[in-house]
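First comes the structure, then the notes that go with it.
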Amino acid sequence: MAEPIRVVIKGLGVVGKQFVSEFLERDGEVVGAVDGWDKIIGADLGTHCGRAELGIQIEKDLDAVLDRTHPDVLVLANASAISDQEADIRAAITHGVNVVTSAENAFYWRRIEPELGGQLDAEARKAGVTILGTGIQDVFWALLPAVLSGASHSVERISGSTVGIMDGWGPVVMEESRIGWTMEQFEAAKSPQTEHLDPGAIALYALADRLGLTVTGEDTRVDPVTHDQPLFAKALDREIPVGELIGNAATLELKTRESVTLSSTFTARLSTFEGETEKSVWEISGRPPLKIAVDDIRGDMTTTSAMINRLPDVINASPGFLTVADLPAPRYRARLIKEQ
């Protein structure tokens, strides 16, 4: 008999609420909800997510919820770094629960957090559970160019460019995107100690893995993005004047032993005109030259739908802290159930 996938969700901001709504529409079963914001503790999960009451109260104690509910997967949408989710992930491992997280650096922890990721990998293997970082990167950055390369006779370079519109995201994402920063703040934060790889750059490592390429070196660059007109940032509740940043453009270039260069630029910024969409373009320099473009990747929805479509893969995968390169290509699930 087919059984629904049962999840506990921690983190009920923009991503968490979207996940709950989509997951319920796909006949998934949310058995518990956790958040660290005192203001919503005790609230009904359905009401908080703009839906009918679900009879599930938002709680603060993750251990207690996991112990009581025994879910298939803990979904984490509460931070951008696995170092901030370490206690949550370890709680899931202790309870024998798989983990899917939207934390950007979990997508390829082997480059970003090798020490902590390695520890969690060993603990997950011992406990027989699977951890995965995933999201929009899974489809548009780690897979799409790999599929396109399947039509190539030879490849010299694969280059990607994506614009992410940040208007609908919260203050944390605004800060990560440097929206509202002065040029002085930007220049002060450009030292190697404070630079971080953006989601698109991190995904480039997963792409290299998927293509069987051996990375031998990297170059990174972050450029400020400004505009010639003031723009309103809803999450900051203020206007961004001319001269302040409306976002940033982060570029990563990887050199490989196989003489294939990989490059990705991810521009995270406010929209500059009404109706602007999030475009993603990949080009392959080789024989033949190839190009593929997606006019609107709809990051506001595809981030969470990509997470949801990965749930069966995570439940059925080998134990450990995996990356999407370790799993089959992502696909839509007509039936979101535990597969045998």
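full-length UniProt numbering puts the first residue of the sequence shown at 1, with every later residue one more than the last.
Each residue gets a CB set at the ideal place from its N, CA and C atoms; glycine is no exception.
- The distance from the Cβ of residue 314 to that of residue 54 is about 23 angstroms, inconsistent with a contact at the 8 angstroms cut-off.
- In the structure shown, the three-state DSSP call for residue 232 is strand.
- As the crow flies, the alpha-carbon of residue 104 is around 23 angstroms from that of residue 256.
- Pairwise C-beta distances place the region 199 to 211 in contact with the region 247 to 263, as three or more of them are shorter than 8 angstroms.
- Ranking 236, 252, 320 by CA distance to the CA of residue 160 puts 252 first.
- Nearest to residue 76 by C-alpha distance, out of 17, 111, 94, 28, is 17.
- Residue pairing of residue 321 in beta bridges, as defined by DSSP: 131.
- Rounded to the nearest angstrom, the gap between the Cα atoms of residue 99 and residue 38 is 24 angstroms.
- Secondary structure note for residue 224: it is in no alpha helix (DSSP H), and the uninterrupted beta strand (DSSP E) holding it is 215 to 225.
- In the structure shown, residue 143 falls within a coil segment according to DSSP collapsed to helix, strand and coil.
- Contiguous beta strand (DSSP E) elements confined to the region 8 to 60 occur at 29 to 34, taking only those with 3 or more residues.
- Inter-residue distance for residue 261 and residue 299 is about 26 angstroms (C-alpha atoms, whole angstroms).
- Collapsing the DSSP output to three states places residue 264 in a strand.
- Shown here, residue 190 sits in coil according to DSSP, grouped into three states, outside any helix or strand.
- Shown here for residue 291: same chain residues with a beta carbon closer than 6 angstroms to its own, the five before and five after excluded, namely 283 in chain order.
- Apart from the 5 residues on each side of it in sequence, residue 223 sits with its Cβ closer than 7 angstroms to the Cβ of 248, 249 in its chain, given in chain order.
- DSSP, read as helix, strand or coil, puts residue 271 in coil.
- For residue 290, the enclosing beta strand (DSSP E) has its first and last residue at 290 to 294.
- Setting aside the 5 residues that flank it on each side, residue 280 is surrounded in the same chain by 140, 162, 294, 297, each with a C-beta closer than 6 angstroms to its C-beta; the list follows chain order.
- In this structure residue 338 is not in contact with residue 319, their Cβ atoms being roughly 17 angstroms apart against a cut-off of 8 angstroms.
- In this structure, the CA atom of residue 177 is about 20 angstroms from the CA atom of residue 108.
- Exclusion of the five residues before and after residue 174 leaves 166, 180, 233, 235, 236 as the residues of its chain whose Cβ lies within less than 7 angstroms of its Cβ.
- Residues 235, 236 of the same chain have their beta carbon placed closer than 8 angstroms to that of residue 171, with the five preceding and five following residues left out of the count.
- In the three-state DSSP reduction, residue 328 falls in the coil class, being neither helix nor strand.
- Rounded to the nearest angstrom, the gap between the Cα atoms of residue 68 and residue 146 is 42 angstroms.
- Under DSSP, no beta-bridge partner is assigned to residue 309.
- Cβ contact annotation for residue 316 (same chain, cutoff 7 angstroms, sequence separation greater than five): 339, in chain order.
- Nearest Cα to residue 143 within the set 186, 330, 31: 330.
- Distance from the Cα of residue 94 is smallest, within the candidate group 115, 263, 127, for 127.
- At the C-beta level, residue 6 and residue 28 come within 9 angstroms of one another.
- Secondary structure remark: continuous beta strand (DSSP E) runs of at least 3 residues inside the region 79 to 130, in chain order: 98 to 101.
- Within the DSSP secondary-structure output, residue 69 pairs in no beta bridge.
- Check the Cα spacing between residue 91 and each of 61, 79, 220: the tightest is with 61.
- Annotation: the continuous beta strand (DSSP E) that includes residue 163 extends over 154 to 165.
- For residue 47, same chain residues with a beta-carbon under 7 angstroms away, outside a window of 5 residues either side, are 53 in chain order.
- Residue 199 and residue 215 have their alpha carbons spaced roughly 18 angstroms apart.
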